[in-house]
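Quick notes on the structure that follows.
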């Protein structure tokens, strides 16, 4: 699959709440995931499929998703961008918030090798 | 200015239809602008502020903008992403179309040194 096809499949799976399946089937074993902000105790980067799946599992276990809107992919060469909007409640804090971030994905040999998330950080 | 501040200023100016002013004040003389698709006779890359201003001038002279929606910036380190939606009529062809693309901007020393546009290409 080229970058556009990988992007379309990723959006399709995320819209169907199959985020873990998207990672398991579309991500390289050497995937690197980079956040805009430091994650408490985790830094900004997660390396390798197991670490990235772990981050996804942590997120889904700690949030109730009330609604979501996923747009894209917008492709450019071997990369594509997807927008993710989530209305979520963080379970530990019981705080509800609107997430709005975009992901920049890089594809090599038909697999996502890098994902970078863009969103405002800090106050 | 850091990347977030440059991004906020760029969005502010583009929303006010001051796209040329945004480029003149926020872009490096060595700006490189990269399209997702080949532009007829121009290839995918424009290098240098004069070439990029020329591309902007060509675009604005050849399109009537009926409405626009500009969202962002979403920052990540020294980069930020902006979404541009335009309802335009191409003057030479008189065809009206909905443009929806995202730009990935890279900042160095307070100036944009690279802009890359993401959108579907081809059929």
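Protein chains in written order, with my numbering: chain Z, 1 to 123; chain U, 1001 to 1123.
Just so it is clear, CB atoms sit at the ideal spot from N, CA and C, and this is done for glycine as well.
| Check | Outcome |
| --- | --- |
| C-beta neighbour in chain Z for residue 1070 of chain U, strict 8 Å | no |
| Cβ of residue 1119 of chain U within 8 Å of any chain Z Cβ | yes |
| Residues that residue 104 of chain Z contacts on chain U, provided the C-beta gap is smaller than 8 Å | 1076, 1081, 1104 |
| Rounded C-alpha distance that separates residue 49 of chain Z from residue 1007 of chain U | 32 Å |
| Members of the stretch 1034-1049 of chain U that neighbour chain A once the beta carbon cut-off is set at 7 Å | The structure shown contains no chain A; its protein chains are Z and U. |
| Boundaries (first-last residue) of the alpha helix (DSSP H) holding residue 1009 of chain U | 1003-1015 |
| Residue 42 of chain Z burial status per 10 Å Cβ neighbour count (16 or more: buried) | exposed |
| Residue 1090 of chain U, DSSP secondary structure in three states | strand |
| Proximal residues of chain U, C-beta to C-beta of residue 116 of chain Z below 8 Å | 1076 |
| Meets three-Cβ-pair contact criterion under 8 Å: the stretch 1076-1089 of chain U and the stretch 1098-1106 of chain U | yes |
| Whole-Å CB distance - residue 45 of chain Z paired with residue 34 of chain Z, under 8 Å assumed | 5 Å |
| Contact the stretch 1018-1033 of chain U vs the stretch 1085-1102 of chain U: 3+ CB pairs below 8 Å | no |
| Residues from the stretch 1001-1012 of chain U in contact with chain Z, defined by Cβ distance under 8 Å | 1004 |
| Other residues of its chain near residue 47 of chain Z: CB distance less than 6 Å, five sequence neighbours each side excluded | 32 |
| C-beta contact flag for residue 1072 of chain U and residue 1011 of chain U at 8 Å | yes |
| Completely contained alpha helix (DSSP H) runs for the stretch 14-49 of chain Z, where each covers 4 or more residues | 19-26 |
| Chain U within 8 Å of residue 21 of chain Z, Cβ atoms only | no |
| Short CB-CB distance (under 8 Å) between residue 101 of chain Z and chain U | yes |
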